[in-house]
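Chemist:
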Amino acid sequence: MSEQDTTAKAGDIAPEPDAAAPAASAPAASPLRRFFSSPAGRSIGLVIALGLLLVIGTVTAGDNFASIDNMLVILRLASVIGVVAIGVTFVITAGGIDLSVGSVLGLSSVVASLGAIQTASSGFWPLMVFVALAVGIVAGLTNGLIIAYGKVVAFMATLAMLVAARGLAELISQRQTQVVNNQGFLDFFRGDLLGISWVVWIFGLVAIGGWFLLNRTTFGRRTVAIGGNATAARLAGVNVKRHTMYLYMLAGACAGIAGTMMLSRTTAGTSTHGLLYELDAIAAVVVGGTLLVGGRGTIGGTVLGVLLFATLTNVFTQNNLSSSVQLVAKGIIIVVAVMLQQRFANREATTST
Amino acid sequence: MIEDDHPVSLLEVRGLTKSFGSARALKGVDLDVRAGEVHCVLGQNGAGKSTLIKTLSGAHQPDEGEIRWNGEQVTIENPVAALELGIATMYQELDVVDGLSIAENIYLGHELARGGVLSRREAAKRTRELMKRLGHPDLSPGREVGSLSPANQQIVSMARALSHDIKLMIMDEPSAVLDSEEVGNLFRVVEELTSQGIAVIYISHRLEEIERIGDRITVLKDGASQASNLPVEGTPTRELISLMTGTDIEHAFPERGEVSADAPVVLEVTDLALGKHFQDVSLSVRAGEIVGLAGLVGSGRSEILETVYGHRKATNGTVTVDGKRLRPGHVTDAVDAGVGLSPEERKSQGLLLEEPIYRNATLATFTRFAKGPLLDEAAERKATEEQMKALELRPAEPNRITRTLSGGNQQKIMLARWLIHGTRVLLLDEPTRGVDVGARMEIYRLIRNLADAGTAILIVSSEIEEVLGLADRIHVIADGRFLAERPATEIDEHGVLDLVMKGSAA
Numbered sequence: 001m002s003e004q005d006t007t008a009k010a011g012d013i014a015p016e017p018d019a020a021a022p023a024a025s026a027p028a029a030s031p032l033r034r035f036f037s038s039p040a041g042r043s044i045g046l047v048i049a050l051g052l053l054l055v056i057g058t059v060t061a062g063d064n065f066a067s068i069d070n071m072l073v074i075l076r077l078a079s080v081i082g083v084v085a086i087g088v089t090f091v092i093t094a095g096g097i098d099l100s101v102g103s104v105l106g107l108s109s110v111v112a113s114l115g116a117i118q119t120a121s122s123g124f125w126p127l128m129v130f131v132a133l134a135v136g137i138v139a140g141l142t143n144g145l146i147i148a149y150g151k152v153v154a155f156m157a158t159l160a161m162l163v164a165a166r167g168l169a170e171l172i173s174q175r176q177t178q179v180v181n182n183q184g185f186l187d188f189f190r191g192d193l194l195g196i197s198w199v200v201w202i203f204g205l206v207a208i209g210g211w212f213l214l215n216r217t218t219f220g221r222r223t224v225a226i227g228g229n230a231t232a233a234r235l236a237g238v239n240v241k242r243h244t245m246y247l248y249m250l251a252g253a254c255a256g257i258a259g260t261m262m263l264s265r266t267t268a269g270t271s272t273h274g275l276l277y278e279l280d281a282i283a284a285v286v287v288g289g290t291l292l293v294g295g296r297g298t299i300g301g302t303v304l305g306v307l308l309f310a311t312l313t314n315v316f317t318q319n320n321l322s323s324s325v326q327l328v329a330k331g332i333i334i335v336v337a338v339m340l341q342q343r344f345a346n347r348e349a350t351t352s353t
Numbered sequence: 354m355i356e357d358d359h360p361v362s363l364l365e366v367r368g369l370t371k372s373f374g375s376a377r378a379l380k381g382v383d384l385d386v387r388a389g390e391v392h393c394v395l396g397q398n399g400a401g402k403s404t405l406i407k408t409l410s411g412a413h414q415p416d417e418g419e420i421r422w423n424g425e426q427v428t429i430e431n432p433v434a435a436l437e438l439g440i441a442t443m444y445q446e447l448d449v450v451d452g453l454s455i456a457e458n459i460y461l462g463h464e465l466a467r468g469g470v471l472s473r474r475e476a477a478k479r480t481r482e483l484m485k486r487l488g489h490p491d492l493s494p495g496r497e498v499g500s501l502s503p504a505n506q507q508i509v510s511m512a513r514a515l516s517h518d519i520k521l522m523i524m525d526e527p528s529a530v531l532d533s534e535e536v537g538n539l540f541r542v543v544e545e546l547t548s549q550g551i552a553v554i555y556i557s558h559r560l561e562e563i564e565r566i567g568d569r570i571t572v573l574k575d576g577a578s579q580a581s582n583l584p585v586e587g588t589p590t591r592e593l594i595s596l597m598t599g600t601d602i603e604h605a606f607p608e609r610g611e612v613s614a615d616a617p618v619v620l621e622v623t624d625l626a627l628g629k630h631f632q633d634v635s636l637s638v639r640a641g642e643i644v645g646l647a648g649l650v651g652s653g654r655s656e657i658l659e660t661v662y663g664h665r666k667a668t669n670g671t672v673t674v675d676g677k678r679l680r681p682g683h684v685t686d687a688v689d690a691g692v693g694l695s696p697e698e699r700k701s702q703g704l705l706l707e708e709p710i711y712r713n714a715t716l717a718t719f720t721r722f723a724k725g726p727l728l729d730e731a732a733e734r735k736a737t738e739e740q741m742k743a744l745e746l747r748p749a750e751p752n753r754i755t756r757t758l759s760g761g762n763q764q765k766i767m768l769a770r771w772l773i774h775g776t777r778v779l780l781l782d783e784p785t786r787g788v789d790v791g792a793r794m795e796i797y798r799l800i801r802n803l804a805d806a807g808t809a810i811l812i813v814s815s816e817i818e819e820v821l822g823l824a825d826r827i828h829v830i831a832d833g834r835f836l837a838e839r840p841a842t843e844i845d846e847h848g849v850l851d852l853v854m855k856g857s858a859a
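Taken in order, these protein sequences are the chains called R and L.
So the first sequence is numbered by my numbering: it starts at 1 and just counts up by one.
So the second sequence is numbered by my numbering: it starts at 354 and just counts up by one.
#1: Just list the beta strand (DSSP E) runs in the segment 661-742 of chain L, keeping only unbroken ones of 3 residues or longer that don't cross its boundaries, in chain order.
#2: So what's R777(L) in DSSP terms, helix, strand or just coil?
#3: Would you report the Cα separation of A99(R) and G787(L), rounded to the nearest angstrom?
#4: How would you list, in chain order, the residues of chain R whose beta-carbon sits under 7 angstroms from the beta-carbon of A717(L)?
#5: Thinking C-alpha only, which one of L679(L), K574(L), P696(L), T671(L) is nearest D789(L)?
#6: Kindly list the residues whose CB is nearer than 6 angstroms to the CB of A792(L), restricted to its own chain and excluding five residues on each side of it in sequence; keep chain order.
#7: Based on the DSSP output, what are the partners of I867(L) in its beta bridges?
#8: Could you list which residues in chain R have their beta carbon closer than 7 angstroms to that of L679(L), in chain order?
#9: How about G289(R): is its C-beta nearer than 8 angstroms to some C-beta of chain L?
#10: Within the 8 angstroms Cβ cut-off, does V778(L) reach chain R?
#11: Using beta carbons (cut-off 8 angstroms, strictly below), is L704(L) in contact with chain R?
#12: Hey, G305(R) and G288(R): beta-carbon distance below 8 angstroms or not?
#13: Between N314(R) and chain L, is there a C-beta pair that is closer than 8 angstroms?
#14: Going along the segment 235-263 of chain R in order, which residues come within less than 8 angstroms of chain L, judged by CB to CB distance?
#15: E738(L) and A731(L): beta carbons closer than 8 angstroms?
#16: Give a yes or no on whether 8 angstroms exceeds the smallest Cβ distance from G295(R) to chain L.
#17: If you measure between the beta carbons of L646(L) and G663(L), is that distance less than 8 angstroms?
#18: For V104(R), which residues in the same chain have their Cβ closer than 8 angstroms to its Cβ, ignoring the five residues on either side in sequence?
#19: Could you name the residues of the segment 78-100 of chain R whose beta carbon sits closer than 7 angstroms to any beta carbon of chain L, in the order they occur along the chain?
#20: Alpha helix (DSSP H) containing V634(L): first to last residue?
#21: Could you check if M339(R) is buried or exposed, using at least 16 other CB atoms within 10 Å of its CB as the buried criterion?
#22: Could you check the C-alpha separation between L276(R) and G725(L) for me, to the nearest Å?
#23: Chain L partners of A148(R), CB-CB under 9 angstroms?
#24: For the ligand FMN, any of its heavy atoms closer than 7 angstroms to the Cβ of Y149(R)?
#25: For I86(R), does the count of other Cβ atoms within 10 angstroms reach 16, so buried, or fall short, so exposed?
#26: So which residues on chain R does A701(L) lean against when the C-beta distance must stay under 9 angstroms?
#27: Tell me whether I519(L) sits in a helix, a strand or coil according to DSSP, three-state version.
#28: At a Cβ threshold of 8 angstroms, is R770(L) touching chain R?
#29: Express the C-alpha separation of D69(R) and F124(R) in angstroms, rounding to a whole number.
#30: Suppose the cutoff is 7 angstroms on Cβ atoms and the five residues either side in sequence are ignored; what does the same chain contact list for V849(L) look like?
#31: Using the beta-carbon count (16 or more within 10 Å), is D192(R) buried or exposed?
#32: Determine the extent of the beta strand (DSSP E) in which A66(R) is found, giving its start and end residues.
#33: What residues in its chain sit with their C-beta under 8 angstroms from that of L483(L), if we drop five residues either side in the sequence?
#34: In whole angstroms, give me the CA-to-CA distance for A26(R) and I429(L).
#35: Using a C-beta cutoff of 8 angstroms, does T588(L) count as contacting chain R?
#36: Is there a Cβ of chain L sitting closer than 8 angstroms to that of R216(R), yes or no?
Given below as structure tokens:
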């Protein structure tokens with residue numbers, strides 16, 4: 001396919017400032033432009049960026065970086081935020097926003113690791129998982145009801161939940177760290193399948209499930225339709241309010257799952273789990289190519305976005321650079337990625353007569 | 354009339370071409386505009402009118418061809434350069450900022466300021482002068498633009514253009530948002546401009562408007578000028594239509610079928626009311642019948658349709674379809690009962706512009722195609738393609754992005770959505786807004802065919818002629834009240850307006 005070599009060129013050209021020059025060579029630029037605005041094309045920039053980071057990591061940190069073990073570390077690092085980001089992708093695709101996912105993650109980790117719950121699950125460890133999931137769903141349901149039926153804008157409703165859920169977690173845990181001593185739970189999550197941690201497998205399953213849900217089901221179609229034009233969806237008979245509620249429940253459920261994963265990674269539940277995760281998740285989703293105004297969402301992009309940030313963190317850690325430098329780099333990446341995407345999206349839009 | 358002894362044209366365009374990728378939007382456009390004339394540009398959707406305007410206003414750069422301004426060749430690099438030359442453009446979509454005052458809108462981008470501090474008094478004074486010049490001394494400079502009617506917002510938009518020292522004003526379908534009375538005022542403003550020597554390029558679908566105010570006409574077809582500088586007087590409408598479409602059009606409206614007296618009543622509306630928008634609306638539509646609502650802008654026409662559909666929650670009254678009562682405020686009830694609405698604002702209320710055609714066509718039915726929760730996109734595409742062929746929507750590519758279609762074809766997608774759904778009742782709000790002459794006739798024919806197949810249709814349009822030509826029966830409305838019911842053949846446009854005037858006086 002001819003697209004193969006335009007891809008390679010695109011990677012070289014994209015960061016150059018000469019892309020800003022008016023498209024004098026219109027015929028040459030047009031297939032490239034078209035490719036970049038296709039779903040695969042939008043992600044290709046991310047794949048290239050990720051590849052670039054891997055090269056930088058290998059060059060600067062050598063074998064410490066480029067080892068299977070380290071790759072697994074990166075994946076494990078990405079998994080918790082990844083699961084949160086999948087849920088957020090749905091909400092953003094529908095034109096909403098969920099700022100509460102980080103706090104809900106913390107709350108679900110606290111509730112699931114309560115002494116009483118741990119005792120109750122001593123014979124059956126998955127109960128802890130169900131409890132965490134249920135906490136996430138209930139928090140999401142609350143968000144959804146307030147937004148869809150209470151007509152409060154999503155930003156404010158979930159901001160309120162961000163504050164309240166964090167406070168509730170502190171109240172319940174009395175600001176204590178609750179150590180997980182349920183052996184079944186710990187054994188399962190410490191274990192692996194084919195040498196890959198269960199935490200990573202869960203991320204993979206949630207991502208595949210999310211992709212399927214968004215692209216192959218009526219649920220996904222409704223999500224995209226509401227984000228693209230909520231009035232049109234409503235006038236075509238889509239129950240927009242109910243669906244909006246489901247979306248926040250989904251985001252809450254993902255935060256609940258991530259809460260369990262966090263419990264297993266740190267072997268303790270505390271109210272400070274998931275601090276600022278909502279911002280990391282939103283950044284990964286938008287850098288991945290999901291439109292913040294809704295109407296277009298990509299699970300693959302979100303996964304790439306999450307991996308990009310996790311790899312970046314790892315490269316910095318391996319090179320013993322401060323986390324402050326890392327934050328600056330992260331900020332720059334967010335801006336550059338969003339600017340690149342908008343450039344291609346806008347060009348496509350302005351060509352219609 | 355304009356004398357022919359003008360030495361040079363104000364604006365001369367020769368052989369303008371413009372391509373977007375492989376699509377050639379303009380393939381050789383010639384245009385001459387003289388000072389103080391109203392030059393109409395006619396053409397179907399996709400004929401290249403928008404591209405031409407954008408090229409003249411500096412938003413696009415032409416590939417070839419030359420633009421002469423007062424006899425000198427110029428390149429218009431950006432909209433600011435166009436304004437500096439003296440070319441102002443009023444786009445179809447109102448480009449005013451709702452939250453700012455009239456004066457702030459007018460001086461937006463070239464604020465009157467001294468050392469960075471706004472001179473509010475000076476701006477207010479000049480705004481008052483501009484408003485007087487435009488025949489609206491009643492609009493005070495401090496009023497918030499969001500609180501104005503569309504017609505008055507347009508006046509603000511025009512005042513902004515006039516606040517620059519302009520010689521040419523381009524108006525892109527300025528009458529689209531106005532009712533007939535407001536159009537009259539617009540025409541007075543246009544005359545005011547031309548009497549000051551300002552030339553106007555006027556773009557409109559409505560031929561009768563062009564006859565009223567135009568001096569000369571240029572017709573575009575498929576990106577090329579089909580005829581340039583025709584005098585309005587002495588060019589019959591028929592000739593213009595055939596230049597635009599390439600065909601002769603005999604009858605605009607399809608013939609009515611017979612609605613048998615025993616056809617069942619499908620839609621029954623009783624005593625419907627919505628707050629202060631409208632009260633006591635009762636009507637019924639039989640299978641195979643087209644009922645029209647005729648009235649002016651603001652009479653509550655669209656609100657009635659939207660309330661019947663459940664988009665707005667009725668404060669009183671009932672809506673039944675096939676004897677089954679719909680809950681007020683529940684669109685899903687209406688859709689399940691087989692009611693479809695093609696809304697007034699296609700783009701903001703009807704379509705997912707960034708999505709492929711088939712997803713728009715099946716927006717009301719994708720769950721029906723789906724197997725359980727799993728989408729069946731192949732079946733959706735197939736059903737869409739069939740409808741596109743039946744609606745003569747070419748090319749029949751269900752995967753095309755909806756934004757790229759012309760207004761007429763977008764309207765067909767809305768019809769296709771409800772055809773696939775198989776509606777018993779179709780509510781059409783402004784079915785031909787932004788649709789060009791050729792495609793209009795096709796849409797009229799489609800609507801009539803649907804009725805002949807047994808669909809009950811309720812139609813609203815700001816063009817009274819359209820309601821009269823299409824409907825079997827009409828209700829005349831003014832100020833949210835039904836004034837009279839007549840068979841469409843027994844009343845004409847003047848009759849409707851008479852009733853409306855009397856009704857609101859009483």
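Glycine residues also receive a C-beta, built at the ideal position from the N, C-alpha and C atoms.
Modeler: In terms of the structure at hand:
#1: As summarised for the segment 661-742 of chain L, the continuous beta strand (DSSP E) elements at least 3 residues long and confined to that stretch are 669-674, 692-695, given in chain order.
#2: Position 424 of the second sequence, counting from 1, holds the residue named residue 777(L). The answer is coil: DSSP assigns R777(L) none of H, G, I, E or B.
#3: Against the first sequence, residue 99(R) aligns to sequence position 99. Against the second sequence, residue 787(L) aligns to sequence position 434. Ala is not the amino acid found at residue 99(R); the sequence shown has Leu there. Between L99(R) and G787(L), the C-alpha separation is close to 41 angstroms.
#4: As a first step, residue 717(L) is located in the second sequence; it is residue number 364 there, counting from the start. Here the neighbours are A236, G237.
#5: Translated into positions along the second sequence, residue 789(L) becomes position 436. Measuring from the Cα of D789(L), the nearest candidate turns out to be K574(L).
#6: For this step, residue 792(L) is matched to residue 439 along the second sequence. Answer for A792(L): G761, listed in chain order.
#7: Since the first residue of chain L shown is 354 and the last is 859, residue 867(L) is not available in this structure.
#8: By 1-based counting over the second sequence, the position of residue 679(L) is 326. Result: empty, since nearest Cβ-Cβ is about 12 angstroms, beyond 7 angstroms.
#9: Counting from one through the first sequence, the residue named residue 289(R) turns up at place 289. Not closer than 8 angstroms to any Cβ of chain L, the Cβ of G289(R) fails to qualify, so no.
#10: Here the question's residue 778(L) lines up with position 425 in the second sequence. Chain R, which has no Cβ nearer than 8 angstroms to the Cβ of V778(L), makes this no.
#11: If you number the second sequence from 1, residue 704(L) lands on position 351. So yes, L704(L) belongs to the interface.
#12: Reading the first sequence from its first residue, position 305 is the one you call residue 305(R). Reading the first sequence from its first residue, position 288 is the one you call residue 288(R). Yes, they are a contact pair.
#13: Walking along the first sequence from the start, residue 314(R) turns up at place 314. Chain L, which has no Cβ nearer than 8 angstroms to the Cβ of N314(R), makes this no.
#14: L235, A236, G237, V238, N239
#15: On the second sequence, position 385 is the one that residue 738(L) refers to. On the second sequence, position 378 is the one that residue 731(L) refers to. Contact: no.
#16: Counting from one through the first sequence, the residue named residue 295(R) turns up at place 295. Chain L, which has a Cβ nearer than 8 angstroms to the Cβ of G295(R), makes this yes.
#17: Mapped onto the second sequence, residue 646(L) falls at position 293. Mapped onto the second sequence, residue 663(L) falls at position 310. Their beta carbons are not under 8 angstroms apart, which means L646(L) does not touch G663(L) by this criterion.
#18: In the first sequence, the residue the question calls residue 104(R) occupies position 104. So the list reads V135, G136, A139, G140, M161, A165, G252, A255, G256, G259, G274, once near-sequence residues are dropped.
#19: none
#20: On the second sequence, position 281 is the one that residue 634(L) refers to. Note, V634(L): premise wrong, no alpha helix (DSSP H); beta strand (DSSP E) at 631-639.
#21: Here residue 339(R) refers to the residue found at position 339 when the first sequence is read from its first residue. Exposed, because fewer than 16 other Cβ atoms sit within 10 Å of the Cβ of M339(R).
#22: By one-based count along the first sequence, residue 276(R) stands at place 276. By one-based count along the second sequence, residue 725(L) stands at place 372. For L276(R) and G725(L), the distance between alpha carbons rounds to 38 angstroms.
#23: Against the first sequence, residue 148(R) aligns to sequence position 148. Residues of chain L passing the Cβ test: none, with the nearest at roughly 14 angstroms.
#24: Of the ligands one can find in the structure shown there are none, so the ligand FMN has no counterpart to examine.
#25: Position 86 of the first sequence, counted from the first residue, corresponds to residue 86(R). Buried, since its Cβ has 16 or more Cβ neighbours within 10 Å.
#26: Within the second sequence, numbered from 1, the residue matching residue 701(L) stands at position 348. The sequence given here places Ser at residue 701(L); Ala does not occur at that position. Simply N229, T231, A232.
#27: As a working mapping, residue 519(L) is identified with position 166 in the second sequence. I519(L) falls in the coil class under three-state DSSP.
#28: By 1-based counting over the second sequence, the position of residue 770(L) is 417. Yes, its Cβ sits closer than 8 angstroms to a Cβ of chain R.
#29: Counting from one through the first sequence, the residue named residue 124(R) turns up at place 124. Counting from one through the first sequence, the residue named residue 69(R) turns up at place 69. When rounded, the distance between both Cα atoms is 31 angstroms.
#30: In the second sequence, residue 849(L) corresponds to position 496, counting from 1. Around V849(L): A647, I817, V829.
#31: Position 192 of the first sequence holds residue 192(R). Exposed, because fewer than 16 other Cβ atoms sit within 10 Å of the Cβ of D192(R).
#32: On the first sequence, residue 66(R) is found 66 positions in, with the first residue counted as 1. Note, A66(R): premise wrong, no beta strand (DSSP E); not H, not E.
#33: Residue mapping note: residue 483(L) aligns to position 130 of the second sequence, counting from 1. Closer than 8 angstroms at Cβ, skipping near neighbours: I459, A512, L515, S516.
#34: Taking the first residue of the first sequence as position 1, residue 26(R) is located at position 26. Taking the first residue of the second sequence as position 1, residue 429(L) is located at position 76. Confidence in A26(R) is poor, its pLDDT being 37 and thus under 50, which makes the residue's placement unreliable; the coordinate value appears in the next sentence. About 20 angstroms.
#35: Here residue 588(L) refers to the residue found at position 235 when the second sequence is read from its first residue. Judged by the 8 angstroms Cβ criterion, T588(L) is not in contact with chain R.
#36: Along the first sequence, read from residue 1 onward, the residue named residue 216(R) stands at position 216. Closer than 8 angstroms: yes.
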